[in-house]
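Inspection log for the structure reproduced underneath, given as structure tokens.
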Amino acid sequence: MPYKLTRRGNTVWRAQVKVNGIKVTEQFHTKAEALAWEVDQRRQENAPATQNQPTPTVSLIEWATLYLDYSLKYRPKTYSEKKTAFKRLFKHIPPKTLVSDLKKGEVLKFLQAQFHTRSGHMANKDRKNLSAAWNDAMRFFDDFPALQNPFQAVPPFPADCGSHYVPPEADFWKVVDVSRGQDWVMLFTFLHTAARRNEVYRLKWGDIDFGGQRTRLGTRKAGGGSLVHEWIPMTGELFTILLEHRQRAVNEWVFTQSVGRHKGKPYTENRGFPQGLCQLAEVKSFGCHGIRGLTASILAKSNVPMKAIQEILRHKRLTTTERYVRGMEPVRPYLQVLEGGLKRGLPPGPTTNEKGLGLSS
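Per numbering that gives the first Met the number 0, the very first residue in the sequence shown carries number 0; after that it's consecutive.
Laid out in structure tokens, this is it:
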């Protein structure tokens, strides 16, 4: 494995392999380059013995390191999720195991352990991340074995994947009524833009075009890790609210943390918003994504065309938008064929035994 070497303020990565029993070393600027060189040297060393079918010698830890270096393009939360998946894998399977020696049965045991100790949802997240890492390695990394993806071979686990709770419109306005200051502005911004949480938190005043009455939202959802921006129209009401909020701005960020050591800096998570306000308003708790769903619901109730709602939500597929606003409503008329039993009359009153057992009031 390569190791870091720092001399006179300069850091390099030294790779080392044995060629014909002699240790050979080389220095590189990055760990990924050093790893790639080691893999290539081992391949050349093994080439004579496996001339017809060369056997790749990439280990699990080498695969993980190369992939995580490649994954630095993703936002920190996504990168951390991928890195943690590898850490969990290495608690069950030795990291020096060759990729070509990894068995489907070992992968199954690892994912089953996640299912039993954590949840089906978490097991499926590890399965998804490691499967993507395997597929990308096959596409981009030299000497990675062209084998069946063992993570894809394991079927997904049963999981509770309930949809985001969308609050009734009345509950949302109760929360607005108990909010103050910046929280009040953020609630309106979420509702009027149908933006995702991070899209609102990363807003700068340069993204607010008061002259053109539009807002620029940036997302990584459709950019392969790159931040992609798109201008959307701004409602007259949101224009007025943000223009007034602009007068109290402390820096380039539209929304900043107001207390603590990160005061004045943009939000990254803002945990407890708006759930804390929901508790104060005494309504069922909902999140920022629930407000996005509420926006879609309000538009649908006003007979806004589904294609227009798709553009407002910035979904790639119309079917995704339809799931947001329609759910199972299209099948309601068909369920009516089950009706008619009530014509037989209401059920008789409770029996004496039921009263005695306290089964009815």
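Glycine included, every Cβ here is placed at the ideal spot set by N, Cα and C.
Because the structure is a prediction, the values reported are computed rather than measured.
If you draw a straight line from the Cα of R117 to the Cα of R126, it comes to about 13 Å.
The bridge partners DSSP lists for K3 are W12.
The beta carbon of W133 sits closer than 7 Å to the beta carbons of N148, F150 from its chain, once the five residues preceding and following it are set aside; these are given in chain order. Rounded to the nearest angstrom, the gap between the Cα atoms of H228 and R219 is 9 Å.
DSSP assignment within the stretch 187–220 yields the following whole beta strand (DSSP E) runs of 3 residues or more, N-terminal first: 213–218.
Segment contact: the stretch 176–185 against the stretch 234–253, three or more CB-CB distances shorter than 8 Å; contact assigned. For I308, the enclosing alpha helix (DSSP H) has its first and last residue at 305–312. Assigned with DSSP and collapsed to three states, E229 falls in strand.
If you compare the alpha carbons of D176, V98, Q43 with that of A145, the shortest gap goes to V98. According to DSSP, residue pairing for Q26 in a beta bridge involves R13. Taking a cut-off of 8 Å on C-beta distances, the stretch 303–318 does not touch the stretch 203–210, as fewer than three cross pairs fall below it.
Straight through space, the alpha carbons of A84 and A122 are spaced by roughly 10 Å. Beta-bridge partners assigned by DSSP to T255: P265. Its chain contains H163 as the residues whose beta carbon lies nearer than 6 Å to that of H288, once the 5 sequence neighbours on both sides are disregarded; these appear in chain order.
Apart from the 5 residues on each side of it in sequence, L237 sits with its Cβ closer than 7 Å to the Cβ of F187, T188, H191 in its chain, given in chain order. Counting along the chain, the unbroken alpha helix (DSSP H) around G104 starts and ends at 103–116.
Within its own chain, the residues whose Cβ lies closer than 7 Å to the Cβ of L107, once the five positions on either side in sequence are excluded, are V153, listed in chain order.
Per DSSP, the continuous alpha helix (DSSP H) segment holding A122 begins and ends at 119–139. In the structure shown, the three-state DSSP call for S58 is strand. Per DSSP, P149 is one residue of the alpha helix (DSSP H) stretching across 149–152.
Assigned with DSSP and collapsed to three states, L67 falls in helix. Relative to the Cα of Y323, the nearest Cα in the group Y333, G339, A295 belongs to A295. If you draw a straight line from the Cα of N302 to the Cα of I308, it is about 10 Å long. A Cβ-Cβ separation of about 20 Å leaves G180 out of contact with R201 under the 8 Å criterion. Bounds of the alpha helix (DSSP H) holding K76 are 75–91. For A299, the enclosing alpha helix (DSSP H) begins and ends at 287–300.
Of the candidates R270, R245, A14, A14 places its Cα closest to the Cα of L34. If you draw a 10 Å sphere on the C-beta of F272, you find 16 or more other C-beta atoms in it, and that means buried. By a beta-carbon distance limit of 8 Å, K95 contacts I60. Their separation comes to about 6 Å.
The beta-carbon separation of V165 and L276, rounded to 16 Å, does not stay under the 8 Å limit for a contact. Linking R41 to K76 through their CA atoms gives a straight-line distance of about 34 Å. With respect to the C-alpha of V57, the residue from V258, D100, K306 having the closest C-alpha is D100. One Cα belongs to K102, the other to T318, and the distance between them is close to 37 Å. For T96, there is no enclosing alpha helix (DSSP H), as DSSP marks it with neither H nor E. Per DSSP, the unbroken alpha helix (DSSP H) holding F238 starts and ends at 235–245. Across the structure, W230 and E198 are spaced so that their CA atoms are roughly 12 Å apart.
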